[in-house]
Amino acid sequence: MFRRILIANRGEIAVRIIRACREQGINTIAVYSSADQDCLHASLADESICIGPPSAKESYLNTAAIIAAAEICDAHAIHPGYGFLSENAQFAQVCRDCHIGFIGPSPDAISLTGDKAKCREVVAAAGVPVVPGSDGIIQDPAEAVRLANEIGFPVLVKASAGGGGKGMRIAHNDAALQKAVVAAANEAKAAFGDGGVYLEKFVENARHVEVQILADEHGKAITVGERECTVQRRHQKLIEEAPAFGLTNALRSKLNKAALRATKAVGYTNAGTAEFLLSPDGSFYFIEFNARIQVEHPVTEEISGIDLVGQQIRIASGEPMGSVSFKPQGWAIEARVYAEDPENNFAPSPGKIRRCHIPGGPGIRVDSHIFPSYTVPPFYDSLIAKVIARGADRDQAIIRLVGALNEFTAVGIHTTARLCATIVDSGRFRRGELTADLVDFFVN
Amino acid sequence: MFRRILIANRGEIAVRIIRACREQGINTIAVYSSADQDCLHASLADESICIGPPSAKESYLNTAAIIAAAEICDAHAIHPGYGFLSENAQFAQVCRDCHIGFIGPSPDAISLTGDKAKCREVVAAAGVPVVPGSDGIIQDPAEAVRLANEIGFPVLVKASAGGGGKGMRIAHNDAALQKAVVAAANEAKAAFGDGGVYLEKFVENARHVEVQILADEHGKAITVGERECTVQRRHQKLIEEAPAFGLTNALRSKLNKAALRATKAVGYTNAGTAEFLLSPDGSFYFIEFNARIQVEHPVTEEISGIDLVGQQIRIASGEPMGSVSFKPQGWAIEARVYAEDPENNFAPSPGKIRRCHIPGGPGIRVDSHIFPSYTVPPFYDSLIAKVIARGADRDQAIIRLVGALNEFTAVGIHTTARLCATIVDSGRFRRGELTADLVDFFVN
Amino acid sequence: MDLEKLKELIAILEESGLSELEIEEEGSRIRLQKPSVQAATYSVAPPAYSAPAMNPDLSDDAGTITASQATKDAIEDGGLVTIDAPMVGVFYASPSPEEEPFVKPGDDITVDQTICIVEAMKLMNEVTSKVRGQIVRVLVDNAEPVEFGQPLFAVRPVDAS
Amino acid sequence: MDLEKLKELIAILEESGLSELEIEEEGSRIRLQKPSVQAATYSVAPPAYSAPAMNPDLSDDAGTITASQATKDAIEDGGLVTIDAPMVGVFYASPSPEEEPFVKPGDDITVDQTICIVEAMKLMNEVTSKVRGQIVRVLVDNAEPVEFGQPLFAVRPVDAS
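Chains as they are written, first to last, in my numbering: chain A, 83 to 526; chain B, 83 to 526; chain C, 169 to 329; chain D, 169 to 329.
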């Protein structure tokens with residue numbers, strides 16, 4: 083087992099990882115940029131070290147600085163969290179070369195899952211349904227048009243190296259598609275340095291459902307249930323829950339089997355997530371594999387009692403999973419509180435939190451790094467807290483979450499807390515009418 | 083079901099009750115003394131009303147003011163919390179006379195459980211083992227000496243109207259006992275206006291174990307498991323857990339049966355607690371019945387998923403309990419954070435909390451009313467937070483609780499958070515060596 | 169402010185699809201808002217009791233100023249003093265519905281003179297003046313609920329010497 | 169402060185039944201404390217990296233002053249400037265163990281002159297001076313780890329004109 087872990091991240095996930103390490107008696111080393119010297123993760127870790135200036139590129143994305151810090155502090159392993167270097171195969175390889183454990187999958191698995199077109203091919207070949215579309219990268223607009231007429235409009239053009247909706251376009255006809263292919267490729271090139279795009283049929287009114295995977299390095303892989311992540315805004319998830327609403331046991335079982343098959347197909351180990359589109363008719367399609375711990379992992383933890391971050395560490399250290407099994411209980415919903423102003427087109431709202439009140443009481447878990455007088459810096463992701471409510475059933479989780487979100491207070495900045503409360507408290511959400519446009523309905 | 087509930091209390095329990103009401107869609111009315119106008123319970127309730135000056139006697143203990151507030155605000159029921167008027171039979175009777183629901187047992191049951199000597203008699207008559215001692219009140223020191231020589235020294239002299247260790251004396255011989263009877267009677271007279279004392283054999287190295295009861299008004303009563311409350315300081319509980327450490331299933335089953343028998347014997351309805359002494363040889367003795375929600379109720383909630391305060395409300399409104407049943411899972415431990423200075427003989431430490439950090443993350447629940455800039459007033463109980471950790475097993479709950487307590491920060495006052503962390507983290511506590519002097523061991 | 173009317177307004181808003189309701193008339197203002205969008209908050213001047221926001225007051229001010237306190241301060245800024253409710257209850261201006269009020273604006277009052285009744289638990293508690301002076305304004309309506317410390321009368325004090 | 173020595177001290181304390189250990193010598197002070205009683209905290213001057221308390225810094229100051237910053241401030245109060253580590257890594261005063269240091273106290277330095285090496289991931293990064301002046305003090309020992317922004321040299325600047 084690792085005895086000293088360096089956390090190559092910041093914010094709430096760094097705090098979450100520190101707490102997981104603390105539970106296993108592991109010493110923690112926080113790294114921070116010079117903008118983050120007052121951050122909670124730097125205070126809570128056993129040791130902390132400044133690795134660079136505010137720019138993420140020169141600090142949290144700076145492989146050399148992080149490896150140097152790990153060597154200086156004698157870290158046995160690095161936990162990358164999510165974002166930053168978490169899905170960077172080269173970084174995972176450097177860790178391996180430097181004999182530092184990387185808490186995540188192998189570099190090969192990261193490479194494969196990161197190449198979304200290739201991953202789709204491999205998973206489809208293993209017998210998992212994927213959205214009808216191109217076999218890998220498309221070479222030119224004409225090919226895209228031919229294919230789109232085969233599978234039927236509307237279609238999605240997606241960046242193979244993509245994420246967060248960048249390099250993604252929807253097209254309803256030939257002309258629009260030709261433009262979309264060029265535009266998406268240019269955007270992907272600019273954002274990821276890789277202009278490869280692929281085509282998928284656009285599944286209308288689809289829900290986003292993902293399955294949590296745990297796979298050890300001894301061949302054991304289990305699913306830890308599904309999460310519902312349909313409530314998004316511009317491909318940013320806002321509200322997630324576990325289990326997903328209204329699934330039959332038969333469908334659930336099919337999803338789990340498909341997720342396990344995808345896991346084996348990509349040779350995945352550690353915690354990961356298979357993402358699916360779920361059509362209103364009950365058919366589902368694999369879309370991608372996330373090779374990291376997800377932001378929304380706590381809802382799974384709350385219904386399963388399994389410490390997913392703790393499992394990541396044990397698996398990466400080479401331990402077998404043993405008797406871990408998924409016996410879900412109750413319902414959990416997470417709302418993401420961003421430092422953004424929903425009344426001003428979600429403009430980032432960095433600044434000093436002069437006072438704050440974090441809700442508590444039965445069934446409420448808050449994962450956050452904020453504290454009174456903390457300044458939200460303008461350099462990084464604006465997520466400041468995840469408020470998670472657990473209940474015996476969905477209704478109880480909803481009412482607890484609404485209460486907690488209405489209590490949540492951060493004086494000095496704008497947040498999405500009240501907006502999340504409004505959405506979760508709405509008849510639409512309560513009735514499980516989860517669609518991709520749910521957020522827009524409450525914003526305008 | 084009640085639609086408007088007035089909370090005749092303050093602090094964390096008032097906040098807890100507001101959250102329970104919110105879950106059931108019940109409107110809440112907070113009452114506050116003029117010292118408490120900035121308090122969280124006054125902010126979180128739907129309505130709030132000032133009922134008197136800082137002195138508890140003229141505000142939170144002032145029956146006329148609270149009933150007037152309930153009438154003005156059209157409250158359907160009053161939740162008394164714990165302390166203050168919660169075990170005042172006369173107050174419960176006034177509520178009844180004014181056709182306001184009282185969320186607790188009947189006035190008769192409160193009277194009986196409040197008369198500790200009488201309650202002991204009634205419960206013993208129902209076949210529940212009680213500590214050998216006097217049948218009811220003892221009339222003079224000579225009778226006490228005669229009895230003590232029968233049952234064997236050491237003995238405890240206890241106030242029949244007592245609580246919190248007031249009017250309690252231990253005696254090891256005839257001379258000491260004669261003095262103790264007089265002193266305890268005088269102290270009880272001064273503290274409770276009732277000088278009645280009774281005698282009990284002092285059970286050496288006993289643990290304090292209590293059983294949570296839920297009984298509806300239709301004859302159904304269940305136990306919701308036991309709690310371990312041995313870790314006390316001057317009869318103030320400091321750390322509680324559920325379940326109790328090292329009990330066999332046979333013993334647990336006997337305790338539950340005894341608690342249910344006691345419940346029926348005193349004609350109890352609503353949530354209550356039967357307290358027992360558990361001797362190292364496995365024998366146990368009923369000592370008293372607490373006719374209120376306990377401070378430590380969250381540990382039971384965390385292992386059972388049952389919302390005890392919610393159940394109180396439903397039961398008091400006359401609803402049958404239905405299918406509520408106790409299926410415990412995992413382990414939960416609570417530490418009480420008082421605004422007291424452990425390095426200065428636990429002197430109260432009221433004052434302004436300039437900044438604070440409330441811990442969070444997996445398995446952590448905090449019930450508290452503090453927030454940055456809150457001033458802890460000198461007039462009331464010094465409990466400012468309950469930090470509760472839940473884990474798959476006791477070790478996990480311990481490590482989570484220690485981490486959370488070490489994170490807990492309130493700048494500007496002294497608290498017992500670090501002391502609790504030290505105790506829970508100790509080998510003694512981890513090994514389950516729970517004795518009444520555990521706290522003293524870490525204080526000096 | 170009529171409490172029954174307030175309740176009616178609340179019922180109206182609750183049954184409607186609206187989220188907020190605001191009424192301003194003769195210097196008094198009522199604002200109602202549904203809690204799902206933002207916490208309910210309404211205020212009357214002076215309020216019998218207050219419905220606070222669902223989240224705690226974390227403003228930078230040292231402490232919250234209640235509406236009662238604000239009224240009190242405004243009055244005292246004018247060189248007047250207030251006589252406040254010594255308990256929570258219902259304010260009665262006269263000994264019984266048929267009788268005249270104990271005092272009305274313009275009346276001179278002396279120390280220990282009974283000036284109103286606050287009823288709590290069916291007990292009629294006579295409120296006496298602690299000052300000598302002249303009643304300038306009665307701050308609450310007859311039969312209106314009052315909370316502890318709520319100003320009932322504005323009085324221009326007369327120096328006792 | 170020798171990092172290896174510090175680790176040894178920590179190991180000694182951890183294995184002992186003690187809760188605290190304090191050593192003061194030649195202006196540097198080390199204090200070690202076990203976390204079960206209170207959070208671990210130790211400081212060396214200047215520290216390679218800091219072991220913060222387990223609870224967040226909620227002091228009333230606007231921000232935390234790191235030890236690096238404190239060193240920097242003290243030096244700059246004396247009319248000197250510091251040259252800081254441009255990256256996290258290991259400080260080397262000379263090109264190789266056998267050779268002389270790039271610079272030593274009393275040396276005059278010019279802009280762009282190489283004054284030390286910071287090694288990160290086996291890469292030897294030459295650190296050059298941004299100022300013209302005289303080395304007054306070398307603030308870290310050879311082969312000592314340094315964090316980003318940590319002062320390495322105190323320099324008395326010479327006006328470039």
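Every residue, glycine too, gets a C-beta built ideally from N, C-alpha and C. Computed from a prediction, not measured in an experiment: that's the story for all the values here.
Name, in chain order, the residues that DSSP records as bridge partners for residue i.
{"i": "residue 250 of chain C", "result": "C/322"}
{"i": "residue 257 of chain D", "result": "D/314"}
{"i": "residue 285 of chain D", "result": "D/260, D/294"}
{"i": "residue 427 of chain B", "result": "Residue 427 of chain B is not bridged to any residue."}
{"i": "residue 279 of chain B", "result": "B/241"}
{"i": "residue 249 of chain A", "result": "According to DSSP, which records beta bridges pairwise, residue 249 of chain A is partnered with nothing at all."}
{"i": "residue 438 of chain A", "result": "A/492"}
{"i": "residue 276 of chain C", "result": "C/302"}
I'd like to check one pair, residue j with residue i: are the Cβ atoms closer than 7 Å?
{"i": "residue 370 of chain A", "j": "residue 357 of chain A", "result": "yes"}
{"i": "residue 289 of chain B", "j": "residue 312 of chain B", "result": "yes"}
{"i": "residue 385 of chain A", "j": "residue 435 of chain A", "result": "no"}
{"i": "residue 173 of chain B", "j": "residue 91 of chain B", "result": "no"}
{"i": "residue 325 of chain D", "j": "residue 271 of chain D", "result": "no"}
{"i": "residue 351 of chain B", "j": "residue 189 of chain B", "result": "no"}
{"i": "residue 316 of chain B", "j": "residue 247 of chain B", "result": "yes"}
Are the C-beta atoms of residue i and some chain B residue less than 7 Å apart?
{"i": "residue 256 of chain C", "result": "yes"}
{"i": "residue 494 of chain A", "result": "no"}
{"i": "residue 439 of chain A", "result": "yes"}
{"i": "residue 325 of chain A", "result": "no"}
If we cut at 7 Å on Cβ distances, does residue i have a partner in chain A?
{"i": "residue 316 of chain D", "result": "yes"}
{"i": "residue 313 of chain D", "result": "yes"}
{"i": "residue 210 of chain D", "result": "Residue placement at residue 210 of chain D is poorly supported in this model, since its pLDDT is 26, which falls under 50; the coordinates still yield a value, given next. Chain A contact via Cβ: absent."}
To the nearest angstrom, how far is it from the Cα of residue i to the Cα of residue j?
{"i": "residue 127 of chain B", "j": "residue 322 of chain A", "result": "28 Å"}
{"i": "residue 159 of chain A", "j": "residue 412 of chain B", "result": "30 Å"}
{"i": "residue 287 of chain D", "j": "residue 177 of chain A", "result": "17 Å"}
{"i": "residue 85 of chain A", "j": "residue 146 of chain A", "result": "22 Å"}
{"i": "residue 414 of chain B", "j": "residue 153 of chain A", "result": "39 Å"}
{"i": "residue 513 of chain A", "j": "residue 228 of chain A", "result": "40 Å"}
{"i": "residue 284 of chain C", "j": "residue 312 of chain C", "result": "12 Å"}
{"i": "residue 536 of chain B", "j": "residue 367 of chain B", "result": "The structure shown has nothing for residue 536 of chain B, since chain B only spans 83 to 526."}
{"i": "residue 261 of chain D", "j": "residue 253 of chain D", "result": "12 Å"}
{"i": "residue 469 of chain A", "j": "residue 417 of chain A", "result": "5 Å"}
{"i": "residue 121 of chain A", "j": "residue 467 of chain B", "result": "24 Å"}
{"i": "residue 302 of chain B", "j": "residue 260 of chain B", "result": "45 Å"}
Any beta carbon from chain D within less than 7 Å of residue i's own beta carbon?
{"i": "residue 103 of chain A", "result": "no"}
{"i": "residue 116 of chain A", "result": "yes"}
With a cut-off of 7 Å, does the C-beta of residue i fall near any C-beta of chain C?
{"i": "residue 132 of chain B", "result": "yes"}
Contact set between the segment 269-299 of chain C and chain B, restricted to residues whose Cβ is under 8 Å from the partner
287, 288, 289, 291
Can you give me, in chain order, the residues of the segment 141-160 of chain B that have a beta carbon less than 9 Å from any beta carbon in chain C?
141, 144, 145, 146, 147, 148, 149, 150, 151, 153, 154, 155, 156
Residues of the segment 452-464 of chain A in Cβ contact with chain B at a cutoff of 9 Å, in chain order, please.
453, 454, 455
Identify each residue in the segment 465-485 of chain A for which the Cβ-Cβ distance to at least one residue of chain B is less than 8 Å, and report them in chain order.
474, 478, 481, 482, 485
What are the residues of the segment 382-401 of chain A that lie near chain F, defined by any Cβ-Cβ distance shorter than 7 Å?
Protein chains in the displayed structure are A, B, C and D, and chain F is not among them.
Any C-beta of chain B within less than 9 Å: which residues of the segment 424-450 of chain A qualify?
436, 437, 438, 439, 440, 441, 442, 443, 444, 445, 446, 447, 448, 449, 450
For the segment 401-421 of chain A, which residues have a CB atom closer than 8 Å to at least one CB atom of chain B, in sequence order?
411, 412
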